[in-house]
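> Chains as they are written, first to last, in my numbering: chain A, 15 to 249; chain B, 15 to 249.
Ideal Cβ placement from N, Cα and C applies to all residues, glycine included.
Being a predicted model, the structure only gives us computed values, none of them experimental.
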């Protein structure tokens with residue numbers, strides 16, 4: 015089956031966590047909205063007047079199923095493609111981690127958009143500075159410290175043990191993104207999270223991930239996405 | 015089996031969505047952390063040095079399983095207690111809705127905490143005012159308009175059709191909470207969402223919910239939770 019991923023073209027955004035899972039598992043998929051025609055198809059599906067169209071991209075078409083929300087898509091893909099256990103307990107456990115990543119991603123977005131997603135960054139520079147301070151002082155140590163502890167608790171390779179899951183792929187993206195958005199702050203912080211840096215490096219050399227990162231399917235980080243590099247926010 | 019729910023005592027918070035599902039289905043459960051001893055047990059479980067302890071409350075103990083994150087707990091409970099379909103497609107669809115509710119709940123919290131969860135509201139009154147304006151102008155119409163459309167699309171009773179799901183119980187709580195936090199704004203807005211108001215009323219008279227709301231198990235809204243009533247934010 016060929017999956018169809020629907021997500022905004024031009025940014026990594028929330029769609030990237032799905033792309034990493036599809037790429038790592040070598041699944042056959044089309045990144046539909048990266049053509050004009052695909053973009054029109056995406057908007058049409060979101061405007062469906064029956065059933066439960068997704069609130070927002072990303073969503074995945076898998077045969078007749080249309081699955082919305084990043085973590086939900088990963089829940090669906092994970093155990094089918096060896097990126098999560100097949101047991102219910104194992105699936106719930108990895109999904110729990112992904113939902114914590116989801117919260118973190120929203121907080122990362124809020125560093126440059128503390129007054130809400132509909133205003134420009136340029137209209138909220140002052141509050142963005144304050145939120146970013148708070149984020150690095152309180153939230154990054156709490157979130158990344160938690161994930162670091164899990165890696166240590168479970169043998170030092172991945173979050174849940176010796177096998178990679180989609181939550182590990184997502185943490186790779188978190189480390190990549192924080193390095194892009196906050197190079198100075200992240201450089202100083204990385205000494206606190208040696209286990210996560212190792213995990214990041216281990217994911218980066220997985221053959222399918224490595225090939226993906228070098229391909230033009232990987233969209234570059236930019237200032238329309240979740241991870242944005244604004245000098246004023248990176249001391 | 016007697017479930018054990020672990021959540022901060024004294025607030026409804028994210029735990030309330032789980033409580034509503036447990037109460038509606040008549041499940042046997044203990045709200046553990048509402049005693050001092052239970053609170054100590056909760057902190058101990060979160061500090062576990064093996065496996066994947068949850069990042070934050072709420073979490074649910076179901077036999078040997080410990081399930082963290084509100085939406086994940088509801089995913090587990092839903093199809094076991096008649097609050098979600100049993101088919102994979104149905105479960106994913108209701109979970110998708112719950113994840114959209116999760117995003118909305120975070121945005122509601124940000125109205126009074128735009129500069130981050132670790133600072134007091136009193137230290138961010140100005141930004142809170144701006145974020146709240148934005149929230150009511152752009153985000154409430156987008157989110158609640160979406161859910162309103164689903165109710166209409168699917169026959170006028172509940173989000174996915176004629177059978178109630180845990181996502182409907184959560185939307186009941188959203189309507190209750192917005193009425194508490196923003197009575198003036200919500201009163202003016204409710205004319206836009208007659209379907210959701212009906213859904214709210216239909217949930218409120220379900221016998222188990224009605225009994226729960228009248229019991230002392232239901233914690234009152236207060237200014238430590240997600241929905242906070244600050245006059246300055248409600249024009």
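#1: Could you check which residue in A:20, A:140, A:198 has the C-alpha nearest to that of residue 70 of chain A?
#2: Give the list of continuous beta strand (DSSP E) stretches no shorter than 3 residues that lie fully inside the stretch 134-159 of chain A.
#3: Since residue 43 of chain A is in the beta strand (DSSP E), which residue starts that stretch and which ends it?
#4: So, using beta-carbon positions, are residue 125 of chain A and residue 149 of chain A closer together than 8 Å?
#5: Near residue 178 of chain B, what residues of its chain come up, given a Cβ to Cβ distance below 6 Å and the 5 sequence neighbours on each side ignored?
#6: Which term fits residue 198 of chain A, buried or exposed, when burial requires 16 or more other beta carbons within 10 angstroms of its beta carbon?
#7: Comparing C-alpha positions only, which one of A:85, A:134, A:246 sits nearest to residue 238 of chain A?
#8: Buried or exposed: where does residue 105 of chain A fall if 16 or more other Cβ atoms within 10 Å of its Cβ makes it buried?
#9: From residue 119 of chain B to residue 132 of chain B, what distance separates their C-alpha atoms?
#10: By the criterion of Cβ-Cβ separation under 8 Å, what are the contact partners of residue 148 of chain A in chain B?
#11: Apart from the five residues just before and just after residue 157 of chain A, which ones in its own chain have a Cβ nearer than 7 Å to its Cβ?
#12: Return no unless some Cβ of chain A is closer than 8 Å to the Cβ of residue 81 of chain B.
#13: Return the CA-CA distance between residue 194 of chain A and residue 51 of chain B, expressed in angstroms with no decimal places.
#14: List the endpoints of the continuous alpha helix (DSSP H) containing residue 201 of chain A.
#15: Looking at chain B, is there any beta carbon in it that lies within less than 8 Å of the beta carbon of residue 120 of chain A?
#16: Kindly list, in the order they appear in chain B, the residues whose Cβ is closer than 7 Å to that of residue 103 of chain A.
#17: Rounded to a whole number of angstroms, what is the C-alpha to C-alpha distance between residue 247 of chain B and residue 146 of chain B?
#18: With three or more beta-carbon pairs closer than 8 Å as the criterion, would you say the stretch 43-63 of chain B touches the stretch 214-229 of chain A?
#19: Would you decide whether residue 24 of chain A is buried or exposed? Buried here means 16 or more other CB atoms lie within 10 Å of its CB.
#20: Let's see if you can read the secondary structure: which residues bound the beta strand (DSSP E) around residue 81 of chain B?
#21: What's the call for residue 182 of chain B, buried or exposed, on a 16-neighbour Cβ count within 10 Å?
#22: Could you pull the DSSP bridge partners for residue 19 of chain B from this structure?
#23: With DSSP collapsed to three states, give me the class of residue 244 of chain A.
#24: Tell me which residues share the same chain as residue 208 of chain A and place their Cβ nearer than 7 Å to its Cβ, disregarding the 5 neighbours each side in the sequence.
#25: Note the first and the last residue of the continuous alpha helix (DSSP H) segment covering residue 107 of chain A.
#26: Between B:68, B:143, B:213, which lies nearest to residue 170 of chain B when the distance is taken from Cα to Cα?
#27: Using CA atoms only, rank isn't needed, just tell me which of A:184, A:151, A:243 is closest to residue 218 of chain A.
#28: Mind checking whether residue 84 of chain A and residue 116 of chain A have CB atoms under 8 Å apart?
#29: Please decide whether residue 124 of chain A counts as near chain B, where near means a Cβ-Cβ distance under 8 Å.
#30: Taking only beta-carbon atoms, is residue 206 of chain A less than 8 Å away from chain B?
#31: Please list, in chain order, all residues of the same chain as residue 72 of chain A whose beta carbon is under 7 Å from its beta carbon, the five residues on each side excluded.
#32: Can you find a C-beta in chain B that's less than 8 Å from the C-beta of residue 171 of chain A?
#33: Taking a contact to mean a Cβ-Cβ separation below 8 Å, would you say residue 236 of chain B touches residue 64 of chain A in this structure?
#34: How is residue 175 of chain B classed by DSSP in three states: helix, strand or coil?
#35: As a quick exercise: from B:231, B:216, B:190, B:203, pick the residue whose alpha carbon is nearest that of residue 240 of chain B.
#36: Given a limit of 9 Å on CB to CB distance, which residues of the stretch 63-75 of chain A reach chain B?
Looking at the coordinates:
#1: A:20
#2: none
#3: 43-45
#4: yes
#5: 172
#6: exposed
#7: A:134
#8: buried
#9: 17 Å
#10: 129, 130, 132, 133
#11: 118
#12: yes
#13: 45 Å
#14: 197-203
#15: yes
#16: 79
#17: 7 Å
#18: no
#19: exposed
#20: 79-82
#21: buried
#22: B:45, B:74
#23: coil
#24: none
#25: 102-126
#26: B:213
#27: A:184
#28: yes
#29: yes
#30: no
#31: 19, 20, 21, 28, 29, 32, 84, 87
#32: no
#33: no
#34: strand
#35: B:190
#36: 63, 64, 65, 66, 67, 68, 69, 70, 73
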